[in-house]
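Chains as they are written, first to last, in this note's numbering: chain X, -13 to 354; chain G, -13 to 354.
This report refers to the structure that appears directly beneath it.
2 protein chains.
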Amino acid sequence: MFEFKITAKDKHSAARVGVFQTPHGKFHTPVFMPVGTYGAVKTVTPEDLNKCGAEIILGNTYHLHLRPGEKLIKKFGGLQKFTHWEKPMLTDSGGFQVFSLAQHRKIYEDRVEFSSPLDGSKHIFTPRKVLQIQQDLGSDIMMQLDECAAGDSSHAVAEVALNRTMRWMETTLRHWKNRDKQTLFPIVQGVTYPDLRKLSAQFCAALPVAGIAIGGLAVGESKTDFLKTLEFTLPYLPANKPRYLMGVGEFSDILNAVARGVDMFDCVIPTRLARHGSFFAVSGKRATISNAKFKASKKPLVAGCQCEACRNYTSGYIHHLFRVNETLGQRLLTLHNLTFLLDFMQEIRESIEAGTFSALLRKFHIKV
Amino acid sequence: MFEFKITAKDKHSAARVGVFQTPHGKFHTPVFMPVGTYGAVKTVTPEDLNKCGAEIILGNTYHLHLRPGEKLIKKFGGLQKFTHWEKPMLTDSGGFQVFSLAQHRKIYEDRVEFSSPLDGSKHIFTPRKVLQIQQDLGSDIMMQLDECAAGDSSHAVAEVALNRTMRWMETTLRHWKNRDKQTLFPIVQGVTYPDLRKLSAQFCAALPVAGIAIGGLAVGESKTDFLKTLEFTLPYLPANKPRYLMGVGEFSDILNAVARGVDMFDCVIPTRLARHGSFFAVSGKRATISNAKFKASKKPLVAGCQCEACRNYTSGYIHHLFRVNETLGQRLLTLHNLTFLLDFMQEIRESIEAGTFSALLRKFHIKV
Chain X
-13 MFEFKITAKD
-3 KHSAARVGVF
7 QTPHGKFHTP
17 VFMPVGTYGA
27 VKTVTPEDLN
37 KCGAEIILGN
47 TYHLHLRPGE
57 KLIKKFGGLQ
67 KFTHWEKPML
77 TDSGGFQVFS
87 LAQHRKIYED
97 RVEFSSPLDG
107 SKHIFTPRKV
117 LQIQQDLGSD
127 IMMQLDECAA
137 GDSSHAVAEV
147 ALNRTMRWME
157 TTLRHWKNRD
167 KQTLFPIVQG
177 VTYPDLRKLS
187 AQFCAALPVA
197 GIAIGGLAVG
207 ESKTDFLKTL
217 EFTLPYLPAN
227 KPRYLMGVGE
237 FSDILNAVAR
247 GVDMFDCVIP
257 TRLARHGSFF
267 AVSGKRATIS
277 NAKFKASKKP
287 LVAGCQCEAC
297 RNYTSGYIHH
307 LFRVNETLGQ
317 RLLTLHNLTF
327 LLDFMQEIRE
337 SIEAGTFSAL
347 LRKFHIKV
Chain G
-13 MFEFKITAKD
-3 KHSAARVGVF
7 QTPHGKFHTP
17 VFMPVGTYGA
27 VKTVTPEDLN
37 KCGAEIILGN
47 TYHLHLRPGE
57 KLIKKFGGLQ
67 KFTHWEKPML
77 TDSGGFQVFS
87 LAQHRKIYED
97 RVEFSSPLDG
107 SKHIFTPRKV
117 LQIQQDLGSD
127 IMMQLDECAA
137 GDSSHAVAEV
147 ALNRTMRWME
157 TTLRHWKNRD
167 KQTLFPIVQG
177 VTYPDLRKLS
187 AQFCAALPVA
197 GIAIGGLAVG
207 ESKTDFLKTL
217 EFTLPYLPAN
227 KPRYLMGVGE
237 FSDILNAVAR
247 GVDMFDCVIP
257 TRLARHGSFF
267 AVSGKRATIS
277 NAKFKASKKP
287 LVAGCQCEAC
297 RNYTSGYIHH
307 LFRVNETLGQ
317 RLLTLHNLTF
327 LLDFMQEIRE
337 SIEAGTFSAL
347 LRKFHIKV
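This is the structure in structure tokens:
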């Protein structure tokens, strides 16, 4: 049920176009996955997401485990039935949230214990438990529980975390069932240390999995470290499997990663920015809708954009909605930002197919 | 451009069905007008409103005057162009908000002065100014500035307010331009005093206007006073003009008023309830989505309801959205409540046409 087919390759970089088949349909890579933390991409419906061009969305295991709980979602027939999103879904492992959001976190050889920031309740994540949660959620692509070492960790700390992550993957693999219905991605870790990333990538490359994720990047490291780490990680990953760079959604980061062979992305940026009144403008720039210059503007957010916000409303009206705290404004900017970014992913795919990807990189002043 | 045509009458009550033509199209009465305070019905788009069955919406002159100001909206070509709602719009006079929301309100013979609760800025509303604001807004139906006496006012206080309201209407009439493009409704006042309501209704009945509003009801008076006041007011209003009962949106109030000959209604109830997690259930009942009984419910909010929320989502999922504070939940309940109430208005119209309105009244235990 899971098949990745590469349909075009760029001649001047490692960029490629592909299609990934899942039980809930296919998606085209390079792909961006909007984040639906609690089973809803904030402010929009599945019909809206379809119009924006989304082919796969992400759900957060950590959040869904706390509320409403995977057992309830299982009773509804899984995430897709529960949320009315009928296309592919990926769930993360919750590891990143445990390490960034949870309180009183304690990590052991076989588990991580933490308290919910909602009510202080105690929770335990083991590799098997996290797999079980995702099996109950019924996502198409599951992620292993990993230990996310801080971006400034010493080599020793990073190595301990990586070794644990690899052992946890072995445990996860042993308990993975229904392999035709739900696939499982391991996660490459190792902070920015070349030897650790190589070890981790080679470990992941040898596993019987349909795709591989790269974690622990875009967590505050320098742009140079970000790019270098991609460069000394990707060559060790098999070319015939999709590579998923977790938590990355900046235009230039996406281009840089695609040029190095990355196929999948997710990030809260487009939706979070929208709720805070920022929207994507041309060439990866951003604008703030509450800026006085938009007050009397009869122009759309972006000329030529075919999103619902730009087709039907002026910047002046959306400016007004934000000034008077109408949540419709957040929804309209969300529709714009998602459409704009998903259109950008389509532009990337088409430019690779047309042999013009280098020109797109130059437009963003990116050298590979 | 403004024409009211009665197309069916009930044999056992004063209920009637009609159609009102405006420059932005027609609407069918009895009609319910969703409230778009700041030029947006909270959480939904014009496309959503069309799907809910809305034919006309209301904008609040007071709020739009304060933010973004009528001059700006005029620059955009008026409210409909500004908001992308292309069907008929009614604007109130702002009088009710001045008397219920504004600070440091002082009333004079020719004007009311008040401070904005937003920034303390001073504002003056005169009958002419309020007309001018609405002319700038470009609504199809404008309302006169009236003085809304409190529901427990003495006869003397009510009489003073009514006399001022009538004089203000005379001033308004003198300054009313573009009568083909924007019509103007006077407002019947007089608290619950039969002699004052009669005087006010007769005054309004004699004016060269296309419709007449009834104000100062549903402001806390008893149900008995509400019904009695309708009964001794409506007979004095001309049968061939639409009667608009301001601020009323409860199912039983609507039925009672329709049976007495009212044609138009507006209320924030369906949208405000939705944002607070309440939704309309059968027979005018309400339910609270956060109630634990909905947690695992795979049923729609209301079986058979054809709104977007009921067609696509379970009560359990919408319960979850409210529990995790996803604003999508507010939007879905808004779509449901508006659809449910607008479907109810259609049921009223169809029952009058079919001669079964009495049965509908009995279903709600209403005797006329």
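Every residue, glycine too, gets a C-beta built ideally from N, C-alpha and C.
Just so we're clear, the structure is a prediction, and the values are computed from it rather than from any experiment.
Of the candidates 48/X, 89/X, 71/X, 48/X places its Cα closest to the Cα of residue 77/X. For residue 242/G, the closest Cβ of chain X is not nearer than 7 Å. Shown here for residue 248/X: same chain residues with a beta carbon closer than 6 Å to its own, the five before and five after excluded, namely 229, 231 in chain order.
For residue 248/G, no alpha helix (DSSP H) encloses it, and the DSSP letter there is neither H nor E.
Taking 7 Å as the cut-off, the beta carbon of residue 102/X is found closer than this to the beta carbon of residue 52/X. The criterion of a C-beta distance shorter than 7 Å is satisfied by residue 201/G and residue 173/G. Counting only the Cα atoms, residue 41/G lies some 16 Å from residue 257/G. In the structure shown, the three-state DSSP call for residue 44/X is strand. The contact set of residue 312/X on chain G, defined by CB atoms closer than 9 Å, consists of 23, 24, 25, 26, 28, 29 in chain order.
Within the same chain, 25 come within 6 Å of residue 69/G by CB-CB distance, once the 5 residues on both sides are set aside. Boundaries of the beta strand (DSSP E) harbouring residue 101/X: 98 to 101, taken from the DSSP string.
Annotation note: the stretch 94 to 163 of chain X contains the following uninterrupted alpha helix (DSSP H) runs of length 4 or greater, listed N- to C-terminal: 113 to 123, 141 to 161.
If the five residues before and after residue 317/X are omitted, its C-beta is found closer than 7 Å to the C-beta atoms of 29, 30, all from its own chain and listed in chain order. At the C-beta level, residue 218/X and residue 197/X stay beyond 7 Å of one another. Each of 140/X, 175/X, 284/X was checked against the Cα of residue 153/X, and the nearest Cα belongs to 175/X.
Interface with chain G (7 Å Cβ-Cβ cutoff): residue 308/X is excluded. Between residue 225/G and residue 169/G, the alpha-carbon positions lie close to 18 Å from each other. With contact defined as three or more Cβ pairs closer than 8 Å, the stretch 175 to 185 of chain X and the stretch 156 to 166 of chain X are not in contact. In the DSSP assignment, residue 4/G forms a beta bridge with -8/G, 15/G. Straight-line spacing of the CA atoms in residue 345/X and residue 238/X works out to 14 Å. Counting of Cβ neighbours within 10 angstroms places residue 108/X among the exposed residues, the total staying below 16. Between residue 245/G and residue 88/G a beta carbon distance of about 35 Å is seen, past the 8 Å cut, so the two are scored as non-contacting. Taking the CA atoms as reference points, residue 6/X sits about 23 Å from residue 63/X.
For residue 255/X, the enclosing alpha helix (DSSP H) stretches over residues 255 to 261.
Counted as a single uninterrupted DSSP element, the beta strand (DSSP E) harbouring residue 229/X occupies residues 229 to 231. Under the 10 Å beta carbon count, residue 104/X is surrounded by fewer than 16 other beta carbons and is classified as exposed.
Taking a Cβ-Cβ cut-off of 7 Å, the neighbours of residue 302/G in chain X comprise 62, given in sequence order.
Taking residue 309/X as reference, the option from 298/X, 261/X, 269/X, 340/X with the minimal CA-CA separation is 261/X. Judged by beta-carbon spacing, residue 65/G lies within the 7 Å limit of residue 45/G, meaning their Cβ atoms are closer than that value. Between residue 307/X and residue 314/X, the gap from beta carbon to beta carbon is short of 7 Å.
Contact between the stretch 319 to 336 of chain X and the stretch 272 to 292 of chain X is established, with three or more Cβ pairs separated by less than 8 Å. Residues of chain G with a Cβ closer than 7 Å to the Cβ of residue 82/X do not exist; the shortest Cβ-Cβ separation is about 19 Å. Boundaries of the alpha helix (DSSP H) around residue 331/X: 313 to 340. CA-to-CA, the gap between residue 304/X and residue 127/G works out to about 25 Å. In the structure shown, residue 350/X adopts coil according to DSSP, grouped into three states. Between the alpha carbons of residue 12/X and residue 96/X lies a gap of roughly 35 Å.
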